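Colleague: Going by my numbering, 846 is the number at position 440 of the sequence shown; the sequence numbering is gapless.
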Amino acid sequence: PRGAVETALAQIWAELLGVERVGRHDHFFELGGHSLLAVQLSSRLSRAVGVELPLSTLFANPVLSDLAASIVEVLSRSGTQDLPAIAAVSRDEPLVLSFAQQRLWFLAQLDEGSTNYHIPLALRLRGELDRSAWQRSLDRLFARHEALRSVFVAPEGKPWVEVLPPDAGLPMVEHDLRDRPDAEAALLDLCHEEARTPFDLARGPLIRGRLIRMPDEEHVFLLTQHHIVSDGWSMGVLVRELRQLYRAFEAGQDDPLPPLAIQYPDYAAWQRQWLSGERLQKQAQYWRDTLSGAPARLVLPTDHARPAQQSFAGASVPIVIDADLTRGLKRLSRQHGTTLFMTVLAAWAAVLSRLSGQDDLVIGVPSANRGRREIEELIGFFVNTLALRLDLSGEPSVSQLLEQTRRTALAAQEHQDLPFEQVVEIVQPPRALDHTPLFQVMLAWQNNAVGSFDLAGLSVEAAGEGYDQVKVDLELSLGECGEVIAGTFGYASALFDEATIERQRGYLLALLRAMVADAGQPVGRIELLPAAERAYLLEELNRTAAAYPSERCIHELFEQQVQKAPEAVALVFEDERLSYGELNARANRLAHHLIGLGVRPDQPVAICLERSPAMVVGLLAILKAGGAYLPLDPAYPCARLRQVVDDAAPRLLLCDAAGRAALGAEALADVSVVDLETVTPAWAELPACDPDPRALGLTARHLAYVIYTSGSTGTPKGAQNEHRAIINRLIWMQKAYALNATDVVLQKTPFGFDVSAWEFFWTLLEGATLVLAPPAAHKDPDALVNLIISRRITTAHFVPSMLVSFMDTNGVDRCTSLKRLVCSGEALPASLAQKVQRVLPWTGLHNLYGPTEAAIDVTAWTCPADFDGSVVPIGRPIANTRIYLLDAHGAPVPFGAVGELCIGGAGVA
């Protein structure tokens, strides 16, 4: 190094980075520097040379000589600036809480007895333990750090800190499991008992230990602290000092630790004085601007419904980034001026964006907040949580996302002094009991993780016993561990299953590998799915191939059923009954008439009449004549009917009096009208034989119907469905639900909705009886209950909103004939499905989904008898149907993620 500034800088680097020598061309981050050390460097520079250097300056000048030049430039421009030291405060006055302590104390009053803010530590000690030296070491730690001896009293409702006497000693309970054959199981029970035992903030102590003697000269030491007196960094300080004290006491030596200049209560008093005025306003304005309009929640796909009140129950899976990938990430970070933390943060943000479908997201990041030299060796609650908001809109490349993440992280760290609790008060995000405010996921980078070490004849390693709580939905905790990056992926077990988290771990690793391979590619196009999951989503879920009579028309299969049982009852409407033979004969006569009027394959033939036997005759006749029926519901507004007629331009209309009235004279003037209520119809004497499809040039590839969508997302569209598509749907339904000649199917769906097609044709193709509800009965749950009971209905369809009314109707529990209840058209609430099971336990409940453009339904799910889920799925694809969930680029989304539903196969119009 050259000159005083470079020399002073090199000395600080060497101390912080743990290296002997630092050259003027050395790179801070290549020597092992990271964000936290950068903060400490900034603090020490202000004390050493009188310059308060922004973190962005260090990241822009990571080489020692360049950074020194920047410091010299600042000195020449503004001179030195003394950073006021933290002074000890009098212990004769009440001691104040820090901002973070005050917030945590308040939360504890709301939830007395909570264990959500415990900090557990478990150490396995192998070898001969000097228990006296161990206890003495713990007692000395307890005496050394006032934070550990702090209790929180509120005699008049306002909390103050009181400090227990130094000789009070750290509470310790011993257990002996050496003679227990189930020692490990008993240990786990003790760990859970320890984790779930609350602290009394007013009485303390807020730290306690358990020493458990295990077989084979092994001990497990459990140490639990309340977060209000400690944090993750403090754990590193505690273990480091415990090692030094135990070595000394075990060897008969005195306390080797230097005295502490200040204690945590001194920091708390300084913080309240320092964070005020212009400094407070500047920090507050930064967070107000940054988080304004941020999404209240990151909506990730979960395995279970979110509880009404947040559950802190958790679990974790390990995560390891192997040495090769770690080296690649270090190279990538150097090239883009980021730390490993920033690079992993960018990757995780990209994964979360893909899973949620959200471009704007906020991730919580713990910040040690140990920038000042005086507090580096203190135990206490210093950690602050930063809310980092990242924007992935506009398809950023890997490089662009890394640059944005670097800027975001540095800006947040330069404004990290404002406690998170005050940030929440300033931003005022929407509050709810079921999730944390501002963010629901966190990334913690561990620079002080407790690993394994040797200690005066002992082999000591950190253990994970008792880790069963989380603060948010997902907690990713990582850090460098030798040549790899390792840690845990914690998750709220009330929301996620372990398999889901393991998949997410795989997505993160895949994205990290892709980032290293090509930093120029759009991050949103990176393939996350492993080959097995991709194959499952694209192929395994879509193995739906099944044989069906794809060359036959709907009416041909109906005619086969007529030949089998012509005398069987096909149709019941009020007091009228038609056999299969009678229904077929009526339809045939009308069909011959329509053929004579010029009906040809694919020609839409409008039909507008109320539910009646004439409706069924008309539908069959149009199909037999080769036409495609175009249903027009007389209950629809005239403008809607006219819109459909104008768009479809049918040349022929079948109607009754209600249809005439609904359409109006203007619409009727444009078409040829066949009145199905004519007393002596022109077709009465025509042949009753089946028309020959071949003579008409009719095949299964011609249209069976044209049904218009509701227009809820725009202008109504006419979905044109072929015979073969409907046949596939009906044959699948028969294989799935096995209708037979003894079944009675209720037809109540208005025929302008495609569900009516299976009500009509599934029934008539399988020899069952079709019962037509009176024209307005589909809106009357009392009438439907009576009809089901009186006609012994076995099969019925309901949209969920109507099913709610039906299930609330008196007498519904007497619908004992009902074997099949099919739902579609709306989302089926889980509570409604469970009510059906309770009230109608003999009835099978089937949830179907599909758009009009795909032959009625494309997925199906049968509700199991013991269903207790919170969400009713739409099921899997039906026969000869393929279902894909794709992102904006047409690639399959990860399992459970948000995507656009794309449909392929035999049913697509």
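Note that CB positions come from ideal geometry on N, CA and C, so glycine has one too.
Just so we're clear, the structure is a prediction, and the values are computed from it rather than from any experiment.
Please determine, among R602, E780 and A539, the residue with the shortest C-alpha to C-alpha distance to D660.
Modeller: Start at 1 with the first residue of the sequence shown, and residue 660 comes out as number 254. The residue with the shortest Cα to Cα distance from D660 is A539.
Colleague: CA-CA distance, D545 and Q631?
Modeller: Position 139 of the sequence shown, counting from 1, holds the residue named residue 545. Position 225 of the sequence shown, counting from 1, holds the residue named residue 631. Their backbone Cα atoms lie some 14 Å apart in a straight line.
Colleague: Compute the Euclidean distance between the alpha carbons of D1366 and V833, then round it to the nearest angstrom.
Modeller: Since the first and last residues shown for the chain are 407 and 1315, residue 1366 lies out of range.
Colleague: Could you check what DSSP says for P1019 in three-state terms: helix, strand or coil?
Modeller: Translated into positions along the sequence shown, residue 1019 becomes position 613. It is helical.
Colleague: I want to know whether the stretch 733–748 touches the stretch 895–907 - three or more CB-CB distances under 8 Å.
Modeller: Output reads no: the stretch 895–907 does not touch the stretch 733–748.
Colleague: Can you give the Cα-Cα distance for E1165 and A1260, rounded to whole angstroms?
Modeller: In the sequence shown, the residue the question calls residue 1165 occupies position 759. In the sequence shown, the residue the question calls residue 1260 occupies position 854. About 17 Å.
Colleague: Restricting to Cα atoms, I'd like to know which of D879, K1030, R450 and G1158 is closest to C1095.
Modeller: Locating residue 1095 in the sequence shown gives position 689, counting from the first residue. Out of D879, K1030, R450 and G1158, K1030 has the C-alpha closest to the C-alpha of C1095.
Colleague: If you measure between the beta carbons of L1234 and P1206, is that distance less than 9 Å?
Modeller: Translated into positions along the sequence shown, residue 1234 becomes position 828. Translated into positions along the sequence shown, residue 1206 becomes position 800. Yes, the Cβ-Cβ distance between L1234 and P1206 is below 9 Å.
Colleague: May I ask you to check if the CB of S448 is nearer than 8 Å to at least one heavy atom of the ligand GTP?
Modeller: Among the components of this structure there are no ligands whatsoever, and the ligand GTP is therefore not found.
Colleague: List the endpoints of the continuous alpha helix (DSSP H) containing W1089.
Modeller: Here the question's residue 1089 lines up with position 683 in the sequence shown. No alpha helix (DSSP H) holds W1089; DSSP gives it neither H nor E.
Colleague: Between R1048 and the rest of its own chain, which residues show a CB-CB distance below 7 Å, the 5 nearest in sequence each way excluded?
Modeller: In the sequence shown, counting from the first residue as 1, residue 1048 sits at position 642. Excluding sequence neighbours, R1048 sits near A1073.
Colleague: Mind reading off the beta-carbon distance from A700 to R812? Whole number of angstroms is fine, and I expect it under 8 Å.
Modeller: Counted from its first residue, the sequence shown places residue 700 at position 294. Counted from its first residue, the sequence shown places residue 812 at position 406. The Cβ separation is near 20 Å, so there is no contact.
Colleague: Using 9 Å as the threshold, is the C-beta distance between L617 and F627 below it?
Modeller: Working through the sequence shown from its first residue, we reach residue 617 at position 211. Working through the sequence shown from its first residue, we reach residue 627 at position 221. Cβ distance < 9 Å, so L617 and F627 count as in contact.
Colleague: Cutting at 7 Å between CB atoms, please list the residues of its own chain near E552, excluding the five before and the five after it.
Modeller: Taking the first residue of the sequence shown as 1, we reach residue 552 at position 146. If we look at E552 and ignore the five residues flanking it on each side, its Cβ neighbours are V569, Q669, Y670 and P671.
Colleague: State the CB to CB distance for the pair E412 and L470, rounded to an integer number of angstroms; the pair is presumed to be in contact (CB under 8 Å).
Modeller: Numbered from its first residue, the sequence shown carries residue 412 at position 6. Numbered from its first residue, the sequence shown carries residue 470 at position 64. That pair is a contact at about 6 Å.
Colleague: Jot down the residue ranges of each uninterrupted beta strand (DSSP E) in the stretch 576–626, minimum 3 residues, whole runs only, in chain order.
Modeller: For the stretch 576–626, whole beta strand (DSSP E) runs of length 3 or above, ordered along the chain, are 578–582 and 613–620.
Colleague: Distance check for E946 and L1170, CA to CA, integer angstroms please.
Modeller: On the sequence shown, residue 1170 is found 764 positions in, with the first residue counted as 1. On the sequence shown, residue 946 is found 540 positions in, with the first residue counted as 1. Computed Cα separation, rounded: 33 Å.
Colleague: Are there three or more Cβ pairs, one per stretch, closer than 8 Å when the stretch 973–983 is compared with the stretch 1003–1012?
Modeller: Cβ pair count under 8 Å is below three, so no.
Colleague: Between A971 and the rest of its own chain, which residues show a CB-CB distance below 8 Å, the 5 nearest in sequence each way excluded?
Modeller: In the sequence shown, counting from the first residue as 1, residue 971 sits at position 565. So the list reads Y986, A1147 and G1173, once near-sequence residues are dropped.
Colleague: Given that a residue counts as buried once 16 or more other Cβ atoms are within 10 Å of its Cβ, and exposed if not, what is D585?
Modeller: What you label residue 585 is simply residue 179 of the sequence shown in a count that begins at 1. Counting Cβ neighbours within 10 Å, D585 comes out exposed, since fewer than 16 surround it.
Colleague: Can you tell which of P707, G786, S773 and G720 has its C-alpha closest to the C-alpha of D637?
Modeller: Position 231 of the sequence shown, counting from 1, holds the residue named residue 637. Of the listed residues, the one whose Cα sits closest to D637 is G786.
Colleague: Okay, do the stretch 1227–1242 and the stretch 1283–1297 touch, 3+ Cβ pairs below 8 Å being the bar?
Modeller: Judged by Cβ distances under 8 Å, the stretch 1227–1242 makes no contact with the stretch 1283–1297, as fewer than three pairs qualify.
Colleague: Would you list the residues sitting across from H1203 in a DSSP beta bridge?
Modeller: Against the sequence shown, residue 1203 aligns to sequence position 797. BP columns for H1203 point to V1228.
Colleague: Smallest Cα separation from A953: which of V579, Q417 and R1130?
Modeller: For the purposes of this step, residue 953 is taken as the residue at position 547 of the sequence shown. The option with the nearest alpha carbon to A953 is R1130.
Colleague: In chain order, which continuous runs of the beta strand (DSSP E) of length 3 or greater are located wholly inside the stretch 1273–1304?
Modeller: Runs found: 1287–1292.
Colleague: Less than 8 Å between the CB atoms is what I'm expecting for L1058 and A1101, so what's the real figure, rounded?
Modeller: The residue you call residue 1058 lines up with position 652 of the sequence shown. The residue you call residue 1101 lines up with position 695 of the sequence shown. At roughly 19 Å, the Cβ-Cβ gap does not stay under 8 Å, so L1058 and A1101 are not in contact.
Colleague: Taking just the CA atoms, how far does E647 sit from L547?
Modeller: One-based indexing of the sequence shown puts residue 547 at position 141. One-based indexing of the sequence shown puts residue 647 at position 241. Approximately 8 Å, taken between the alpha carbons.
Colleague: If we ignore side chains and look at the alpha-carbon of each, how far apart do P1257 and V1264 end up?
Modeller: Numbered from its first residue, the sequence shown carries residue 1257 at position 851. Numbered from its first residue, the sequence shown carries residue 1264 at position 858. Whole-angstrom Cα-Cα distance: 8 Å.
Colleague: What does D860 pair with, by DSSP beta-bridge criteria?
Modeller: Taking the sequence shown and counting its residues from 1, the one referred to as residue 860 is at position 454. Answer is S865.
Colleague: Out of A1027, V579 and A721, which one is the CA nearest neighbour of E908?
Modeller: Numbered from 1 along the sequence shown, position 502 holds the residue referred to as residue 908. Checked all of A1027, V579 and A721; the closest Cα to E908 is A721.
Colleague: Please name the residue in R1066, T1084 and S496 whose C-alpha comes closest to that of D1076.
Modeller: In the sequence shown, the residue the question calls residue 1076 occupies position 670. The residue with the shortest Cα to Cα distance from D1076 is R1066.
Colleague: Comparing alpha-carbon positions, which option in S698, P572 and F718 lies nearest D874?
Modeller: Stepping through the sequence shown from its first residue, residue 874 is reached at position 468. Ranking the options by Cα distance to D874, first place goes to F718.
Colleague: Go through its chain and collect everything with a Cβ distance to S448's Cβ below 8 Å, but skip five positions before and after it.
Modeller: To locate residue 448, count along the sequence shown from 1; it is residue 42. Only E458, L459, P460, L461, L464 and G777 meet the Cβ criterion.
Colleague: Out of L423, K564, A755 and E600, point me to the one whose CA is closest to P577's CA.
Modeller: Sequence index remark: in the sequence shown, residue 577 carries index 171 (1-based). For the residues L423, K564, A755 and E600, the minimum Cα distance to P577 belongs to E600.
Colleague: Are the beta-carbon atoms belonging to L1152 and A1202 less than 9 Å from one another?
Modeller: Taking the sequence shown and counting its residues from 1, one reaches residue 1152 at position 746. Taking the sequence shown and counting its residues from 1, one reaches residue 1202 at position 796. Cβ distance < 9 Å, so L1152 and A1202 count as in contact.
Colleague: Do A774 and L442 count as a contact pair if the criterion is CB distance below 9 Å?
Modeller: Counting from 1 along the sequence shown, the entry for residue 442 is found at position 36. Counting from 1 along the sequence shown, the entry for residue 774 is found at position 368. Contact flag set, yes.
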